[in-house]
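Residue numbers (this note's numbering), protein chains in the order written: chain A, 262 to 825; chain B, 84 to 425.
Beta carbons: idealized from backbone N, C-alpha and C, even for Gly.
Since this is a predicted model, take the numbers as computed values, not measurements.
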Amino acid sequence: MFRSQNQGNSQPRWLFSFVVVVIFFLSVLPLGRLAATGFSSLFSGGARALLSDPVVWQAVYDTLTTSILGMIAAVILGGGFALLLTLFDVRGKTALGFLFMLPTMIPPQVTALSWIGMTGPSSALLKAIGMAPPLGSPQPLYSIGGIALLYGVQNAPLVFLSLRAGLLALPRDGVEAARLSGASSWQVLKDIILPLSLPGFVAGAAIAFVSCVGNFGIPAILGIPASIYTLPTLIYSKFAAFGPNTFADVSLLSGLIAILSVIGLTVEERVLRGRDYRVIGLSGQVAMFRLGNWRLIGELVLWLAIFITLVMPLTALIASSLAPAYGVPLTPATATLDAYREVLFKQAITRTAFTNSVSLSLATALGLLVVTVLTGYYLVRSKSKVAPVLSALAEIPYALPGIVLAVALILVFAAPIPIIGVSIYGTIWIILVAYFSSFFAVSLKPVVSAFRQLDPSLEEAARLAGAGFGRRLTDIVVPLVAPAAGASVILVFLIACNELTVSAILWSAGTQTLGVAIYNLDDSGSFNLAAALSVLVVIMVIAMMLVLELMAKRLPKGVVPWRS
Amino acid sequence: MAKLILNRLSKAFETGGRAAVNDVSLEVRDGGFLALLGPSGCGKTTVLRMIAGFEQPTDGSILLGDRVLADAGEMVAPEHRNMAMVFQSYALWPHMSVADNVGYPLKVRGVTGERRNAKIREALAAVRLEAYADRRPADLSGGQRQRVALARCLVTEPDVVLLDEPLANLDRHLRQEMEETFREFHQRSGATMIYVTHDQAEAMALATDVAVMSEGRLLQVASPQEIYARPEGRLVGGLVGQGAIVAWPAASAQTRQLDWDVLQQLLSRSHGADYADILIRPQDVEIAGEGVPARVTSVLFEGERYALKLALGDEQALRAFSRQPVKVGDMVSIVIRSAWRL
């Protein structure tokens, strides 16, 4: 007789097939295709030309140096911030934390533009205060060091979050026991807190490294003018100079990125797996040290860091957007809103980009929500051994740098889709598919945490009341996970709207996104227009982050990425 | 309506280990009130969840009258069983008002308008919560939430009502009040009720039948009086009431109910006799001038009397009551008026 183990479960039979199909198309198919192309070109000998090209090895070298230096900068900045903010009695923690987390949500190309606006001979800000270096002197950020520095600023929040999560879980009674044993504050920090928080440091550093390796916006704006290529920008330039070997070459290059990323992710996973010992003792109450007379100095250091990494670059960005033309000094008399008028009302390209980005992001956020509510429900409720595997497969596309996924999707969709015979390559649809695949994990995470918090008996009571699956979903389950679902929509919208890596590879005439528009404006020398568009993007980012911040109290833990 | 039959029911979870429920057969008559009693982890909640349809048996079957609800091959989904349940966590939907919570089973069944409202009012009146119809569950106390959950069971006239340790989260005063409510509810609705608990006093006070479970197996099913007077085996004897189990040379006794004469006789012929466990209730132990000697090991003043722990000559422990104060270490003579061979 046919035995069904699923009958006692609450899921209808089709749900499992649905989840498998979704994860197959969003994760397994593109990455499998990429791996297949990579391996076939590796074995057919086509790879030899590429791998003997010194440009490739120079790019690997530059990727590694910028990423490792960037990781170190991120660890110093993010780690210092996390230690000061979590362990010591500084004032204004919420504001400091929020401001420190901002750079991670600001698109990298905007970060790069704002720092360019802050340094170099043509900086509107420096000119306005009369501190600009003489014309003709080099832009200091167009260098390995400049790229690494900005990697550090951009990714410091990742280290901050990882370390802070570990520090918040430190048992207070462990610290108190050490104190009673006669240890001074410094000894407690050195002997108890730092060893216990080491996994957080290492895991944060590993994520920062992966994020640096896959970053496109910063090396595109800072590296390409100085002929410094990292692997992602090299892929971009290969596409720009399209040739017969392009597909084989880029699949190998993105394979290299994937390998570097997997190394980083493995380190992170290993380290966090061994972190179980932190649950011993009463956690929750954070151990806090008094800074005494040093408190004011500590606070000054923190605010100075915020000022240098956030306030100054953004001020420079605003200054650049108000300057009448590139290189013209900015004074109250010459300041103009022309650039905003231009990007908002006159330039057809920027308006198309707005429309494209907003509609793509909305479609991604809402479309994914439908998929993730069903998938999340399955992943949490299923007792099957397949569920954790599916869960891991769903995570991979977001964990890997966006450029890897973009290349994978090009490989899948370069030829017309079988059976229906339509090609979506070069249309806006391929970007939409890429967004679905890329941000699936972003959309899934809040929904899954909400499902995990949901008492299963709430749904069981509805079953006994006679409600079938669809009915329970609409009447009970969805209303109860609604806050998390709302957060998921905002998060996906925010990230998709600011995204550049995927669309830089996939766009064509008429399908440019905001990220592409900013990059192209800068590339064609319209720095003030790029700056104006960037300012608008930053305003949108801050507004959405504030909305999420206000929702945070009603959301399960871990949903808002910059809170822990 | 019809009786609920569990036929050689077993459940083994995929994680392995011993079966959570092992070969349990049980009949609950129509309108009966069965308490499933046992220590935590004995499988009673698994039995309840199989009756509800949240778990599928790995062997055996569940029938309601002639209708097979579940066996190892197929099962009727919970939504089609016409059952209702009071969960330990109450499982009220926080986003609905009290009236909407209670009326949800009606809404699902397509009952609308004035008929639905009337039924909701009736159900809320039965648990004395008419005034709270528009509140949210979060605004209610624990006992009130419990009563809302009960009202939700009332509205649809279910065939079987399941209660999963419903009093576990309430304080002692509220428990007594809710016990009264449950009894009233049972009389009024005439539904078959199955009540899971680890508290023997609760089971005895409420149920018409008590089923004792341990380690996945059913040990005994009987009325509360029967189970108290004639428990089967050490486990049931130890779980029900507060008797002491003592080894006595009673294996050769003709009857299981033993009075003092028999007990004395058995003791005098004890050389070479086989020992058996006997259950001695404290109210059957009398402190008298004659009898067997015992030493007082603890004294607890309970108000109306003293509760004693005694040690027999061979250090076996016994419980007894005394109206007179005694001291720890005193030697007393006791007569055992009645005992039950397990």
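- According to the Cβ coordinates, are Y358(B) and P332(B) closer than 8 Å? By 1-based counting over the second sequence, the position of residue 358(B) is 275. By 1-based counting over the second sequence, the position of residue 332(B) is 249. It is a contact, given that the beta carbons lie within the stated cut-off.
- Tell me, which residues are paired with F384(B) by DSSP? Your numbering for residue 384(B) matches position 301 in the second sequence. Beta-bridge pairing links F384(B) to Y389(B).
- Can you list, in chain order, the residues of the stretch 719-730 of chain A whose Cβ is nearer than 8 Å to any Cβ on chain B? L719, E721, A722, A723, R724, L725, A726, G727, A728 and G729
- Item | Backbone secondary structure at T627(A) - three-state DSSP | Within the first sequence, the letter at position 366 stands for residue 627(A). A small fix is needed here, since residue 627(A) is Leu in this sequence, not Thr. It is helical.
- Going along the chain, which residues of its own chain have a beta-carbon closer than 7 Å to the beta-carbon of V449(A), five neighbours each way excluded? By one-based count along the first sequence, residue 449(A) stands at place 188. Taken in chain order, the residues that qualify are V436, A439 and R440.
- Thinking C-alpha only, which one of I370(B), H269(B) and L395(B) is nearest E291(B)? Position 208 of the second sequence holds residue 291(B). Note that residue 291(B) corresponds to Thr in the displayed sequence, not to Glu. The candidate whose alpha carbon is nearest that of T291(B) is H269(B).
- With a cut-off of 8 Å on the beta carbons, I'd call A757(A) and S622(A) a contact; round off their distance for me. Position 496 of the first sequence, counted from the first residue, corresponds to residue 757(A). Position 361 of the first sequence, counted from the first residue, corresponds to residue 622(A). Sure, about 4 Å apart at Cβ, within 8 Å.
- Query: Listed in chain order, which residues of the stretch 735-762 of chain A have Cβ atoms closer than 7 Å to some Cβ of chain B?
  - Reply: I737, P740 and L741
- Task: Using beta-carbon positions only, say whether L295(A) and F477(A) come within less than 8 Å of one another.
- Result: Taking the first sequence and counting its residues from 1, one reaches residue 295(A) at position 34. Taking the first sequence and counting its residues from 1, one reaches residue 477(A) at position 216. In this structure, F477(A) does not lie closer than 8 Å to L295(A) by Cβ.
- Within 10 angstroms of its Cβ, does Y780(A) collect 16 or more other Cβ (buried), or is it exposed? Translated into the one-based positions of the first sequence, residue 780(A) becomes position 519. It is buried - the Cβ of Y780(A) has at least 16 other Cβ atoms within 10 Å.
- Query: L109(B) to G126(B), Cα distance in whole Å?
  - Reply: For the purposes of this step, residue 109(B) is identified with residue 26 of the second sequence, where counting begins at 1. For the purposes of this step, residue 126(B) is identified with residue 43 of the second sequence, where counting begins at 1. Answer to the nearest angstrom: the Cα atoms are 14 Å apart.
- Message: Using beta carbons (cut-off 8 Å, strictly below), is R732(A) in contact with chain B?
- Response: For the purposes of this step, residue 732(A) is taken as residue 471 along the first sequence, with counting starting at 1. Output row for R732(A): interface = yes.
- Residues in its own chain within less than 7 Å of Q283(B) by CB, not counting five upstream and five downstream? On the second sequence, position 200 is the one that residue 283(B) refers to. For Q283(B), where only same-chain residues beyond five positions count, the Cβ hits under 7 Å are L120, L322 and V323.
- chain A beta carbons: is any one of them nearer than 8 Å to that of V279(B)? Position 196 of the second sequence, counting from 1, holds the residue named residue 279(B). No - not a single Cβ of chain A is within 8 Å of the one on V279(B).
- Query: Which bits of chain A does S93(B) rub up against, with CB to CB less than 8 Å?
  - Reply: Against the second sequence, residue 93(B) aligns to sequence position 10. None at all; the shortest Cβ gap to chain A is about 14 Å.
- Message: For the stretch 402-409 of chain A against the stretch 475-490 of chain A, do three or more pairs of beta-carbon atoms, one drawn from each stretch, fall closer than 8 Å, so that the two count as touching?
- Response: yes
- Query: DSSP state of S93(B), grouped into three classes?
  - Reply: Your numbering for residue 93(B) matches position 10 in the second sequence. Correct three-state label for S93(B): strand.
- For I277(B), three-class secondary structure by DSSP: As a working mapping, residue 277(B) is identified with position 194 in the second sequence. Residue state, collapsed to three classes: strand.
- Alpha-carbon to alpha-carbon, A660(A) and F300(A): Locating residue 300(A) in the first sequence gives position 39, where the first residue counts as 1. Locating residue 660(A) in the first sequence gives position 399, where the first residue counts as 1. Cα to Cα, F300(A) sits roughly 21 Å from A660(A).
- Message: With H, G and I counted as helix, E and B as strand and the rest as coil, what does DSSP make of R406(B)?
- Response: For the purposes of this step, residue 406(B) is taken as the residue at position 323 of the second sequence. Note: R406(B) maps to coil in three-state DSSP.
- The beta strand (DSSP E) with F462(A) in it runs from where to where? Locating residue 462(A) in the first sequence gives position 201, counting from the first residue. Counting along the chain, F462(A) falls outside any beta strand (DSSP E), though it belongs to the alpha helix (DSSP H) covering L455 to G475.
- Item | Straight-line gap, T507(A) to T372(A) (C-alpha atoms, nearest Å) | Taking the first residue of the first sequence as position 1, residue 507(A) is located at position 246. Taking the first residue of the first sequence as position 1, residue 372(A) is located at position 111. Spanning the two alpha carbons is a distance of roughly 30 Å.
- Item | Under the three-state DSSP convention, the category P241(B) falls into | As a first step, residue 241(B) is located in the second sequence; it is residue number 158 there, counting from the start. P241(B): coil per DSSP, three-state reduction.
- Would you verify that the beta carbon of V130(B) is, or is not, closer than 8 Å to some beta carbon of chain A? Residue 130(B) sits at position 47 when you count from the first residue of the second sequence. Cβ-Cβ to chain A under 8 Å: no for V130(B).
- Message: Give me the residue from V511(A), S313(A), V316(A) and Y638(A) with the minimum Cα distance to T735(A).
- Response: Walking along the first sequence from the start, residue 735(A) turns up at place 474. The option with the nearest alpha carbon to T735(A) is Y638(A).
- How many Å lie between V151(B) and K86(B) at the Cα? In the second sequence, counting from the first residue as 1, residue 151(B) sits at position 68. In the second sequence, counting from the first residue as 1, residue 86(B) sits at position 3. Roughly 12 Å separates the two Cα atoms.
- Item | Residue environment, I145(B), which counts as buried when at least 16 other CB atoms sit within 10 Å | Stepping through the second sequence from its first residue, residue 145(B) is reached at position 62. Buried is the call here.
- Item | CA-to-CA distance, S795(A) to R539(A), given in whole angstroms | The count along the first sequence starts at 1 and reaches residue 539(A) at position 278. The count along the first sequence starts at 1 and reaches residue 795(A) at position 534. Confidence is the limiting factor: at R539(A) the pLDDT is only 40, short of 50, which leaves the residue's position unreliable, though a coordinate-based value still follows. Using only the alpha carbons, I get a separation of about 42 Å.
- Query: Beta carbon of S704(A), beta carbon of T595(A): below 8 Å?
  - Reply: For this step, residue 704(A) is matched to residue 443 along the first sequence. For this step, residue 595(A) is matched to residue 334 along the first sequence. Result no, Cβ atoms of S704(A) and T595(A) do not sit closer than 8 Å.
- Below 7 Å CB to CB, which residues in the same chain sit around V808(A) once its five sequence neighbours on both sides are set aside? On the first sequence, position 547 is the one that residue 808(A) refers to. The residues are I751.
- Segment limits, alpha helix (DSSP H) that includes E157(B): As a position in the second sequence, residue 157(B) is number 74, starting the count at 1. Note, E157(B): premise wrong, no alpha helix (DSSP H); not H, not E.
- Item | Status (buried if at least 16 other CB within 10 Å, exposed otherwise) for N831(A) | A question about residue 831(A) goes unanswered here, because the residues of chain A that appear run from 262 up to 825.
- Residues of chain A with a CB under 9 Å from the CB of F170(B): which are they? Indexing the second sequence from 1 puts residue 170(B) at position 87. The contacting residues are D716, S718, L719, E721 and A722.
- Query: Mind checking E721(A): buried by the 16 CB within 10 Å criterion, or exposed?
  - Reply: Position 460 of the first sequence, counting from 1, holds the residue named residue 721(A). Burial call: buried.
- Query: Within 10 angstroms of its Cβ, does D344(B) collect 16 or more other Cβ (buried), or is it exposed?
  - Reply: The sequence position of residue 344(B) within the second sequence is 261, counting from 1. Exposed: under 16 other Cβ atoms inside 10 Å.
- Below 6 Å CB to CB, which residues in the same chain sit around G516(A) once its five sequence neighbours on both sides are set aside? In the first sequence, counting from the first residue as 1, residue 516(A) sits at position 255. Once the five neighbours on either side are set aside, the close Cβ partners of G516(A) are G299.
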